[in-house]
Amino acid sequence: MLTLLAGAFLGGLILNLMPCVFPVISLKAFGLIRHSQDRRAARMEGLGFLVGVVVTMLLLGAALLAARAGGSAVGWGFQLQSPALIAALALIMLALALNMMGVFEIGLAAQRIGGMAGPRSGPLGAALTGALSIIVATPCTAPFMAGAVGAALLRPPAEGMAIFLALALGFAAPFTTVALVPACARLLPKPGAWMAVLKHVLAFPMLAAAAWLAWVLDQQAGSNALGTLLAASVVLAFAAWLYGVAQRRQLSGLGYRPQLAFALLLVVGMALPLANLPRTSERDTATASVKPGTWTPAAVAAQRGHGKPIFVNFTASWCITCQVNDKAALSVSTVKAAMAQTETIYMVADSTKYNPEIDQAINEFGRGGLPVYVVYPADGGEPVLLPQLLSPDIVISALEKASHKRS
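Per our numbering, the sequence shown starts with residue 356, numbered consecutively.
Here you go:
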């Protein structure tokens, strides 16, 4: 158990380096620098972030364990199979970008418009940032994480929740340490006029994340859903601008309630069509046509042990780690040549949409989420699980061993 807890803590620590967390890291960094000269505020910011991370991770862990207890073979990132949630995350990223660009402010009553310090949202804002960090981290899986999460979902609930707690503490450790330890805080730059420029620059990672989520939604639910999201984005941007107008009028002592009411009405109206985005279901999966190279249990059973290795790529459009591995390892010419030389049968198990068979297979391999890479030897021997982060050498070596052919 101690090994699993250590692995979960280390996995949470490494998760901070994954690309899906980068947009929110900008918010974390901005908050730290903003309070670098105020030790009490920095401590409250760090503790608020820690609480947000821990509570959200435990809620996510409880949801996973409850779903498993109900018979669903779900894993890390399962909620991203929901088009409505993908759309909501894209709009949250857009709203954060607009806030960073100064279209509207958070906690405006406590500051002047255009102030260098940025919004002073306090511990509550830090807690919300922590919660958002966990939500946007789910498309990524760090080393040591999948095994720990997989074990958490197979162990008794108390032990499973302890593993999720260790994962949360590891994820929150860098930010919280800098916030609570004065020696670390002294390494931060002093606040100044440069922070106004930094605040605007940090909006662009948010916009990039929103664009990526829009692409995922198109892959998941089609062009109609993407069109709905784009229309909602325009409405949200207009509502944010109206909200900013209302804030400025309030500070000037002018009437602001009509603009505020209209902005809120726009947000509510925008949310209604998003709630009705098409959801993938078990029936959708069962009636979908199977393309050549698509993984199914029957396809593996038919090809296994017939003299050719099988490589199964469990992936999803919303899994950033999967996409990085595809570009950095699976798509390079040397790996393609090795697959051709070893006559490897390549199969893709795409979990972008809900597929109970894929979720069950991931569960049987003892992994708690994507990516999962499985190599079946040519002689029909036991399948081999590859690491979550691939390199061409790792893949080529696995293929050669599976085929018993060495170059």
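Glycine included, C-beta positions come from ideal geometry on N, C-alpha and C.
In this structure, PHE404 places its C-beta atom within 7 Å of the C-beta atom of GLY485. Taking the C-beta atoms as reference points, ILE717 is found no nearer than 7 Å to GLY416. Looking at the DSSP output, ILE700 sits in a beta bridge with ILE665. Out of THR531, TRP650, VAL730, the CA that lies nearest to the CA of SER706 is found in TRP650.
DSSP places VAL687 in no beta strand (DSSP E); its state is neither H nor E.
GLY724 has TRP431 as its beta-bridge partners, per DSSP. Inside the region 524-569, DSSP marks whole alpha helix (DSSP H) runs of 4 or more residues at positions 537-540, 549-556, from first to last along the chain.
Beta-bridge pairing by DSSP links TYR731 to ILE665.
Less than 7 Å separates the beta-carbon of ALA528 from that of LEU368.
For THR496, the three-state secondary structure derived from DSSP is coil.
For VAL408, the enclosing alpha helix (DSSP H) has its first and last residue at 394-424. ALA601 counts as buried, since no fewer than 16 other beta carbons sit within 10 angstroms of its beta carbon. The three-state reading of DSSP puts LEU745 in coil, since its state is none of H, G, I, E or B. Under the three-pair Cβ rule at 8 Å, the region 478-497 does not count as touching the region 590-607. Distances from the alpha-carbon of LEU414 to those of ALA538, LEU520, ALA757 put LEU520 closest. Within the DSSP bridge table, the entry for ASP705 names THR670 as partners. In this chain, TRP650 is not harboured by any alpha helix (DSSP H), its DSSP state being neither H nor E. In the three-state reduction of the DSSP assignment, LEU609 falls in the coil class, being assigned neither a helical nor a strand state. Taking the Cβ atoms as the reference, GLY432 lies roughly 4 Å from THR493, within the contact range of under 8 Å.
One Cα belongs to VAL458, the other to VAL552, and the distance between them is close to 14 Å.
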